[in-house]
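Residue numbers (the numbering used here), protein chains in the order written: chain A, 1 to 254; chain B, 1 to 203. Quick notes on the structure that follows.
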Amino acid sequence: MTEWVISLGGTKDVQLIIDGKRTDGRTLDELRAIRIEAGVIPEADGSSYIEWGNNKIVCGVYGPRECIPRHGASPYGATLKCRYMMSPFSSLEEHSRSGPSRRSNELSKVIREALENVLLLGKFPNTQIEIYIDVLQADGGTRTASLTAAAVALANAGIPMKDMVAAVAVGKASETLVVDLNKPEDNLGQSDMPIAMSHRDKNLLLVQMDGLLTKEEISKMLDMVEKSCDEIHEVQADALRRIYKTEQKEPFRW
Amino acid sequence: MEKRIILPGEKIAEGRINAANTFFDGKDTYATAIGTLDTTDRYMALESPYKPVVEDTVVGVITDVRHAGYEVDLNLPNSGFIPTRNVRITLQLGDFVLCKIKLVNEVGDVDLGEVRRLPIGKVLRYPPSKIPRLIGRKSSMIEVLKKYGNGDIMVGNNGYVWISEKNNMPIILKAIGMIKENAHRSGLTDEITNFLKHDGVGD
């Protein structure tokens with residue numbers, strides 16, 4: 001157990017896939033179990049909570065409201081602000097104090113820029129829309145899970161958007177292409193590529209890559225992502241529809 | 001009536017149709033917010049931020065008194081403004097007011113008029129997209145609340161609801177909470193009437 005924590009970095013020595021089964025018993029194109037709840041924060045305009053394997057993330061959306069500081073406001077549309085934060089207790093690695101760091105700044109930026117593509121911000125001039133993402137428990141793939149949760153929270157807030165967004169990581173571990181990498185595959189695999197895709201027109205909103213991949217592998221991966229994103233969208237849609245169910249609903253439990 | 005829940009980005013009609021909270025991509029019309037589509041293909045958004053419209057009635061709280069007029073908190077990104085020429089009474093900081101929107105410009109600044117001061121009470125924040133359900137058809141729901149609460153209630157289109165202190169506050173707040181939770185269901189007025197009758201208010 002502790003061995004893979006120490007020896008970070010891509011390596012072919014570690015056997016991550018045996019008989020087509022991965023470290024947690026999944027097949028190559030199988031996602032971890034996803035559960036999404038919408039509207040979990042009563043004071044927020046929109047909110048969501050996602051459990052994606054061992055990832056636990058809560059997301060709140062506030063706005064459109066007065067832009068602070070005032071000089072950040074734009075008369076052409078709302079300013080989107082996103083804050084991704086990992087809790088100090090969220091994983092085995094050192095995260096010390098929760099606050100801006102190189103990593104969380106980067107993730108906040110990529111999530112914001114992915115969502116700016118689908119939101120109709122021009123409808124709310126001189127305002128800001130804030131997205132707060134808090135990672136309570138991390139186990140690989142928090143940026144994709146955060147983006148998936150943020151899309152649900154924005155829809156729950158009623159912020160006008162052209163499309164729903166789902167995100168998933170694909171990568172290469174032990175010379176095999178796999179979908180939705182978990183922590184051991186992320187750290188010991190050869191390559192990792194988080195991808196966000198809009199549901200309706202299948203636009204790529206986020207592509208990042210660690211490690212090396214060939215052209216053929218990437219085109220194969222994009223097909224895998226499209227299939228997985230459709231699966232994730234179903235879970236998102238179910239979470240949003242569940243709020244408006246006629247029958248008595250179960251109270252939300254963390 | 002069978003209603004289908006529509007998600008953002010779902011197609012609601014072929015070609016262009018004129019409806020709120022939709023967009024046209026050059027070929028078909030798509031929803032931009034979570035909403036419902038009924039049997040006649042009419043799309044209604046379930047959640048949407050309030051956009052001020054001229055002639056809307058709004059409830060607000062005075063946040064600043066100036067020589068030129070009053071600043072009003074309207075549950076909007078920008079505060080509203082009552083110019084002195086539009087108001088005969090003298091208002092104070094923290095007063096609740098009921099007014100009409102007279103002017104909205106393209107960046108969302110709001111000018112107000114026809115000001116009425118509201119007596120002491122409580123102002124609630126309520127989702128603006130669910131305000132029509134709180135008022136009910138021909139204001140049936142609000143009449144029920146007024147009858148059983150024994151007091152006045154003012155609903156602003158901006159999502160602020162003023163409740164007079166003369167009301168039976170706990171019961172009214174609970175009823176309003178119930179309407180908020182079940183805003184998408186039909187036959188709600190009867191349900192609320194039943195609840196108010198049986199919860200100690202009586203006729």
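Glycine included, every Cβ here is placed at the ideal spot set by N, Cα and C. Keep in mind that this is a model prediction, so the values were computed, not measured.
Contact the region 154-173 of chain A vs the region 16-35 of chain B: 3+ CB pairs below 8 Å: The region 154-173 of chain A vs the region 16-35 of chain B: in contact.
- request: Kindly indicate which residue of B/T39, B/R137, B/G113 and B/A183 has the alpha-carbon position closest to the one of B/E71.
  value: Taking B/E71 as reference, the option from B/T39, B/R137, B/G113 and B/A183 with the minimal CA-CA separation is B/G113.
message: Just to confirm before moving on: does the CB-CB distance between A/T176 and A/I18 stay below 7 Å?
response: The Cβ atoms of A/T176 and A/I18 do not sit closer than 7 Å to each other.
task: Give the C-beta separation of A/A38 and A/V152 to the nearest angstrom, bearing in mind that I take them to be a contact with Cβ-Cβ under 8 Å.
output: With a Cβ gap of about 5 Å, A/A38 and A/V152 count as contacting.
message: Quick check on the DSSP output: what are the complete alpha helix (DSSP H) runs of length 4 or more inside the region 163-190 of chain B, in order along the chain?
response: Within the region 163-190 of chain B, the complete alpha helix (DSSP H) runs of at least 4 residues fall at 169-181.
message: With a threshold of 8 Å, are at least 3 pairs of Cβ atoms found where one atom belongs to the region 108-116 of chain A and the other to the region 53-64 of chain A?
response: Proximity of the region 108-116 of chain A to the region 53-64 of chain A falls short of the contact definition, fewer than three beta-carbon pairs being nearer than 8 Å.
task: Check the DSSP bridge columns for A/N55 and list the partner residues they point to.
output: For A/N55, which the question treats as bridged, DSSP gives the partners A/W52.
- request: Indicate whether the contact test is met: 3 or more Cβ pairs, each with one atom in the region 127-144 of chain A and one in the region 74-88 of chain A, closer than 8 Å.
  value: Short answer: they touch.
message: Helix, strand or coil, according to DSSP, for A/I6 in the structure here?
response: Unreliable placement is indicated for A/I6, whose pLDDT of 41 sits below 50; the coordinate value is still reported in the next sentence. Here A/I6 sits in helix by DSSP.
message: Just to confirm my understanding: we take A/A167, look at its own chain, exclude 5 residues before and 5 after, and list those with CB closer than 6 Å. What are they?
response: Here the set comprises T144, L147, T148 and A196.
C-alpha distance - A/D139 paired with A/M224, whole-angstrom precision: Cα to Cα, the separation comes out at about 21 Å.
task: Identify the continuous alpha helix (DSSP H) that holds A/D230 and give its terminal residues.
output: Counted as a single uninterrupted DSSP element, the alpha helix (DSSP H) harbouring A/D230 occupies residues K215 to R242.
Buried versus exposed call for B/P128 [16 or more other C-beta atoms within 10 Å across all chains shown]: Classification of B/P128: buried, given that the 10 Å Cβ count is 16 or more.
task: Just mark B/F24 as buried or exposed, buried being the case when its beta carbon has 16 or more other beta carbons within 10 Å.
output: By the neighbour-count rule (16 or more Cβ atoms within 10 Å), B/F24 is not buried but exposed.
message: Judging by CA-CA distance, which residue of A/R103, A/N182, A/A169 and A/L120 is the nearest neighbour of A/G53?
response: Of the candidates A/R103, A/N182, A/A169 and A/L120, the one whose C-alpha sits nearest the C-alpha of A/G53 is A/N182.
task: If I'm right that B/P52 touches B/G108 with Cβ under 8 Å, what's the distance once you round it to whole angstroms?
output: 7 Å between Cβ atoms; contact.
query: At least one CB of chain B closer than 7 Å to the CB of A/L8: is that the case?
result: Low local confidence applies: a pLDDT of 47 at A/L8 is under 50, so the model's placement there is unreliable, with the coordinate-based value given in what follows. It does not: the Cβ of A/L8 has no partner Cβ on chain B nearer than 7 Å.
task: Would you list, in chain order, the members of the region 160-194 of chain B that have their beta-carbon closer than 7 Å to a beta-carbon of chain A?
output: Here the close residues are H184 and R185.
query: For A/M164, which of helix, strand or coil comes out of DSSP?
result: In the structure shown, A/M164 sits in coil (DSSP, three-state: anything other than H, G, I, E or B).
task: Could you check how far apart the C-beta atoms of B/N157 and B/I176 are, in whole angstroms? I think they sit under 8 Å.
output: No, B/N157 and B/I176 are not in contact; Cβ-Cβ is about 16 Å, not under 8 Å.
query: Would you say A/C67 and A/T127 are within 7 Å of each other, going by their C-beta atoms?
result: Note that the C-beta distance between A/C67 and A/T127 is below 7 Å.
task: Could you tell me whether the region 93-103 of chain B touches the region 52-65 of chain B, where touching means 3 or more Cβ pairs closer than 8 Å?
output: By the Cβ rule, the region 93-103 of chain B counts as touching the region 52-65 of chain B, because three or more pairs are nearer than 8 Å.
message: Measuring straight from C-alpha to C-alpha, what distance separates B/V115 and A/V40?
response: Going by the C-alpha atoms only, they are around 37 Å apart.
query: For a contact meaning CB atoms closer than 7 Å, what does A/A155 contact in chain B?
result: Identification of chain B residues near A/A155 by a Cβ-Cβ cut-off of 7 Å yields L7, P8 and I34, ordered along the chain.
message: Using beta carbons (cut-off 7 Å, strictly below), is B/V107 in contact with chain A?
response: Chain A contact via Cβ: present.
- prompt: In whole angstroms, what is the alpha-carbon distance linking B/K3 and B/L37?
  reply: Between B/K3 and B/L37, the C-alpha separation is close to 6 Å.
field: Coil, strand or helix - A/L181 by DSSP
entry: DSSP places A/L181 in the coil class of the three-state scheme, outside both helix and strand.
- prompt: For chain C, is any of its Cβ atoms less than 7 Å away from the one on B/P49?
  reply: Absent from the structure is chain C; the protein chains it does hold are A and B.
task: Could you name each continuous beta strand (DSSP E) segment of 3 residues or more that falls completely within the region 114-162 of chain A, going from the start of the chain to the end?
output: Counting only runs of at least 3 residues, the region 114-162 of chain A fully encloses the following beta strand (DSSP E) elements, listed from N- to C-terminal order: 127-137.
task: Give a yes or no on whether the minimum CB-CB distance between A/G158 and chain B is below 7 Å.
output: Output row for A/G158: interface = yes.
message: Please state whether the Cβ-Cβ distance between B/T39 and B/A13 is less than 7 Å.
response: Not in contact: B/T39 and B/A13 (Cβ atoms no closer than 7 Å).
message: Checking 7 Å against the spacing of the C-beta atoms, do A/L241 and B/I5 come in under that value?
response: The amino acid occupying residue 241 of chain A in the given sequence is Arg; Leu does not appear at that position. Yes.
- prompt: For A/D201, does the count of other Cβ atoms within 10 angstroms reach 16, so buried, or fall short, so exposed?
  reply: Under this definition A/D201 is an exposed residue.
A/G189 versus A/N203, A/L213 and A/H199, residue with shortest Cα-Cα distance: The option with the nearest alpha carbon to A/G189 is A/L213.
Residues near B/P83 in its chain [Cβ-Cβ closer than 6 Å; skip 5 each side]: Exclusion of the five residues before and after B/P83 leaves G69 as the residues of its chain whose Cβ lies within less than 6 Å of its Cβ.
- prompt: Ends of the beta strand (DSSP E) at B/V72?
  reply: It spans G69 to D73 - the beta strand (DSSP E) in which B/V72 sits, taken as one unbroken run.
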